[in-house]
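Have a look at the structure below before the remarks.
2 protein chains.
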Amino acid sequence: MLQDVNLPFGLDEYRSRLAKTRVAMAERGIEVLFVSDPSNMCWLTGYDAWSFYTFQGVIVSLEDDPIYWGRNMDTQAARRTTWLDEDHIVPYPDNYVQNPEHHPMQHLAEVLNGRGMSNSRIGVEADNYYYSAKADQSLRTSLGRDDLIDVTGLVNWQRAVKSAHEIQYMRIAGSILELVYEHIGNVIRPGMRKNDLVAEILHASITGTPEHGGDYAAIVPLLPTGADATASHLTWNDAPMEKGAGTFLELAGCFRRYHAPLCRSFFLGTPPPEVVNAEAALVEALSAGIDVARSGNTAADVANALASVLAKYGIDRGGARCGYPIGLSYPPDWGERTISLRPEDTTVLEPGMTFHFMPGLWMQDWGLEITETILITESGPAECLLDVDRSVMVFD
Amino acid sequence: MLQDVNLPFGLDEYRSRLAKTRVAMAERGIEVLFVSDPSNMCWLTGYDAWSFYTFQGVIVSLEDDPIYWGRNMDTQAARRTTWLDEDHIVPYPDNYVQNPEHHPMQHLAEVLNGRGMSNSRIGVEADNYYYSAKADQSLRTSLGRDDLIDVTGLVNWQRAVKSAHEIQYMRIAGSILELVYEHIGNVIRPGMRKNDLVAEILHASITGTPEHGGDYAAIVPLLPTGADATASHLTWNDAPMEKGAGTFLELAGCFRRYHAPLCRSFFLGTPPPEVVNAEAALVEALSAGIDVARSGNTAADVANALASVLAKYGIDRGGARCGYPIGLSYPPDWGERTISLRPEDTTVLEPGMTFHFMPGLWMQDWGLEITETILITESGPAECLLDVDRSVMVFD
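From first to last, the protein sequence lines stand for chains B and E.
Here the first sequence is numbered in my numbering, starting from 578 and rising by one per residue.
Here the second sequence is numbered in my numbering, starting from 578 and rising by one per residue.
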């Protein structure tokens, strides 16, 4: 580790993360874990760069320090952002990049061989964006083994309960997003081009606070209007926003890769009765969900509390989950891909868990989002990390 | 297709893309192609949403229209952004999302079965971010077949030569980035926090021009300073930019998902002799590369022309490729992942191909990037799509 690496957490915290991961590895009988999820890589080592578009990973064994393995030009990012020493940073040559003749996993197999790891019980994150079918096949062929073990989510599950320092980063991310919403309220006007609103949102999100600059969120702003708001994941266009339609804002504040998402909605003109009804339903249902989001209750309890209030208002979300854990993340998803707030998920909630409680409504002709980032506390209902009025903002 | 879908291209263009793709499928003996690369999905159907963090795809057969298959809540994005009719939009239920009990690929197998496609010769994009090892295994198991054919890049290769309309979008993206660089020149000052510069960059990128609003680039701004600039893919922090260090700016303009990247560098204070030498080398080497980037020459010719000028100045890029095709893209990469400008790649250049000619220098103590987006023309050297002074910007 270089003298001037500015790690977001102390070495103790990385060591304790590694220890937790090793316990989980041992429980699954894994001796060597190949971590390709960039969020898991960062959580374990500090590695932080937009290099995940080429193959890379962190090799975790039961005793030695983790090894960063990646494209030659990206090893410099490992030197600049991780606590690893030179012996634990391993490059592959650039002609392995996007070249059908040489797959990077062939090189990884050589590294595992060279370090005496190729006969170990090896775990991989087989259902991750950054571990393709071809990568898996290439690694198996190169190792001459067909018994790699899928441990998708093993590290993600260790991230579910946040440390005090992580929660502090999420609070900062939340304070940034509070300023963004304040700014939105000041600049929206009918006739404004949608992209011009996004420019304001991104400017405020990255400016952050005087003390803390903003980082990029793992998902860009989603803010469809009117009929487009029936679709959950549209981004934006450059059409003027006209009166007579609603728009939802799906945004997150981000600080040092830690996210605090929160959605609000606005209407240009007078909202129709079905939107007013849905707003009342969502606000009441959110409170009901937050009230049961307590240590010892389950993910399902939260989903059921929400659904029963919405049902009272005649609203059915069609089986869509209503939340997921959040924290450290890289594109394309800011969720942690472990727990889901849905009736089938009986995971028990623990203090320090953080969720985006996200009951989006995407109806036949319109959509509405009012959501919260919540923290499970020692006792009592969950704490909302942000303080933003839940009402639909109305602009005339 | 709904009446008010605002497709970026006419139906004729989509039909001609589909026809090209089918010729390539037939050449490979593929009857059914499962397309999971979001850029390929968009290129074929217009589909445009940030929904690629859950499994989705486009099923292309040799005769019937393509089928969008995705999470229930995202089928509405297919209705809002594609030319497909209702019979060609197929949802899977939300409890398949990030749930170890049900993989979406089990549902895809049912769809293929139901449409009489499960015994066809099926091609998949096995080396794509959005087609994980687990997805592949789940699809094989569910179909009871182990003979899926890897045709990674099949659609990407059809995208290499751009249509006039695509080039027009890239010119618009370029005109947006020209304004961004003009704005950067106006706002940089020593002591400015790095994130505040990024806020300005993103604001200008998304504001775009009075006629054309900006879209999000597939890669966020990369702009490391000083020793950090030895690493190619660092993003930013909130430290003030001090005098005595250089920073490179890796940025793209984006319009309706079409990219025009261009990198420039700046120095606060007086650049040291090695940076001045490298600047002269890069400017001369870029010209040499652009001059041989002609129809009929090869990708290797461009790489070799660049390298021989750099060698004259004593600069060795350590085998790193110096460019890649660009156009339509989604995160995490704005390249097309087909051709690489490197000595081993003998692909013949054709009119209408577009590249990010990208000879980044990441040296021992500093880094420098001066790059161009180029268009291969009918005759003569490549055309630069943007007009931005290549000099290192110096601020005192």
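Where is the CB? At the ideal position from N, CA and C, for every residue including glycine.
Quick one: complete alpha helix (DSSP H) runs, 4+ long, within the stretch 896 to 935 of chain B? none
Does the Cβ-Cβ distance between Glu949/E and Leu863/E come in under 8 Å? yes
Is the CB of His810/E under 8 Å away from at least one CB in chain B? yes
Going by C-alpha distance, which of Ala626/E, Tyr835/E, Asn854/E is nearest Lys739/E? Answer by Cα proximity: Tyr835/E.
Are any of the Cβ atoms in chain E nearer than 8 Å to that of Pro817/B? No, no contact with chain E.
Suppose you measure from the CA of Thr954/E to the CA of Leu962/E; what does that come to, to the nearest Å? 11 Å
Please identify, using Cβ separations under 8 Å, the residues of the stretch 700 to 713 of chain E that lie next to chain B, in order along the chain. Val701, Ala703, Asp704, Asn705, Tyr706, Tyr707, Tyr708, Ser709, Ala710, Lys711, Ala712, Asp713
Measure the alpha-carbon distance for Gly866/E versus Ala959/E and round it to whole angstroms. 9 Å
Interface flag, Ser842/E vs chain B, CB-CB below 8 Å: no
Return no unless some Cβ of chain E is closer than 8 Å to the Cβ of Thr931/B. Judged by the 8 Å Cβ criterion, Thr931/B is not in contact with chain E.
Expected contact under 8 Å - CB spacing of Arg692/B and Pro668/B to nearest Å: That belief does not hold up - the Cβ atoms of Arg692/B and Pro668/B are roughly 14 Å apart, past 8 Å.
Note down the Cα distance separating Asp893/E from Ala654/E, rounded to an integer number of angstroms. Approximately 47 Å, taken between the alpha carbons.
Expressed to the nearest angstrom, what Euclidean distance is found between the alpha-carbon atoms of Asn763/B and Asp868/E? 51 Å
Contact set for Leu779/B: own chain, Cβ-Cβ below 8 Å, skip 5 residues either direction: Pro798
Is the beta carbon of Trp627/E less than 8 Å from the beta carbon of His810/B? yes
Just list the beta strand (DSSP E) runs in the stretch 592 to 621 of chain E, keeping only unbroken ones of 3 residues or longer that don't cross its boundaries, in chain order. The DSSP assignment places complete beta strand (DSSP E) segments of no fewer than 3 residues inside the stretch 592 to 621 of chain E at 609 to 612, in order along the chain.
With which residues is Met970/E paired in a DSSP beta bridge? Met970/E is bridged to Phe843/E.
If you follow the alpha helix (DSSP H) that Trp734/B is in, where does it begin and where does it stop? 731 to 735
In whole angstroms, give me the CA-to-CA distance for Ser742/B and Leu952/B. First, the residue type needs correcting, since residue 742/B is His and not Ser in the sequence shown. Whole-angstrom Cα-Cα distance: 14 Å.
Buried or exposed, going by whether 16 or more other CB atoms sit within 10 Å of the CB of Asn690/E? exposed
If you measure from the beta carbon of His793/B to each beta carbon in chain E, is any gap under 8 Å? A small correction: the amino acid at residue 793/B is Tyr; His does not occupy that position in the sequence shown. Yes, Tyr793/B counts as interfacial toward chain E.
Which residues in chain B sit within 8 Å of His760/E, going by Cβ to Cβ distance? None at all; the shortest Cβ gap to chain B is about 12 Å.
What's the C-alpha gap between Ile699/E and Val609/E? 5 Å
Where Met935/E and Ala795/E are concerned, what is the direct C-alpha to C-alpha distance, given to the nearest angstrom? Cα-Cα distance, rounded: 16 Å.
Trp620/B vs Val732/B beta-carbon contact at 8 Å: yes
According to the Cβ coordinates, are Val728/B and Arg599/B closer than 8 Å? Not in contact: Val728/B and Arg599/B (Cβ atoms no closer than 8 Å).
Enclosing alpha helix (DSSP H) for Val879/B [first to last residue]: Counting along the chain, the alpha helix (DSSP H) containing Val879/B begins and ends at 876 to 889.
If you draw a straight line from the C-alpha of Ile761/E to the C-alpha of Ala601/E, how long is it? 44 Å
Does Ser593/E pass the burial test, meaning 16 or more other C-beta atoms within 10 Å, or should it be called exposed? exposed
Express the C-alpha separation of Thr658/E and Asp625/E in angstroms, rounding to a whole number. 6 Å
Identify whether Thr658/E lies in helix, strand or coil by the three-state DSSP scheme. helix
Name the DSSP bridge partner or partners of Ala781/B? The partner list for Ala781/B (beta bridge, DSSP) is empty, contrary to what the question assumes.
DSSP three-state assignment for Pro850/E, whether helix, strand or coil: helix
CA-to-CA distance, Thr915/E to Asp614/E, given in whole angstroms: 13 Å
With a Cβ-Cβ cutoff of 8 Å, do Val971/E and Leu839/E count as a contact? no
Starting from Leu644/B and walking both ways along the beta strand (DSSP E), at which residues does that stretch end? Per the sequence shown, residue 644/B should be read as Ile rather than Leu. Counting along the chain, the beta strand (DSSP E) containing Ile644/B begins and ends at 644 to 648.
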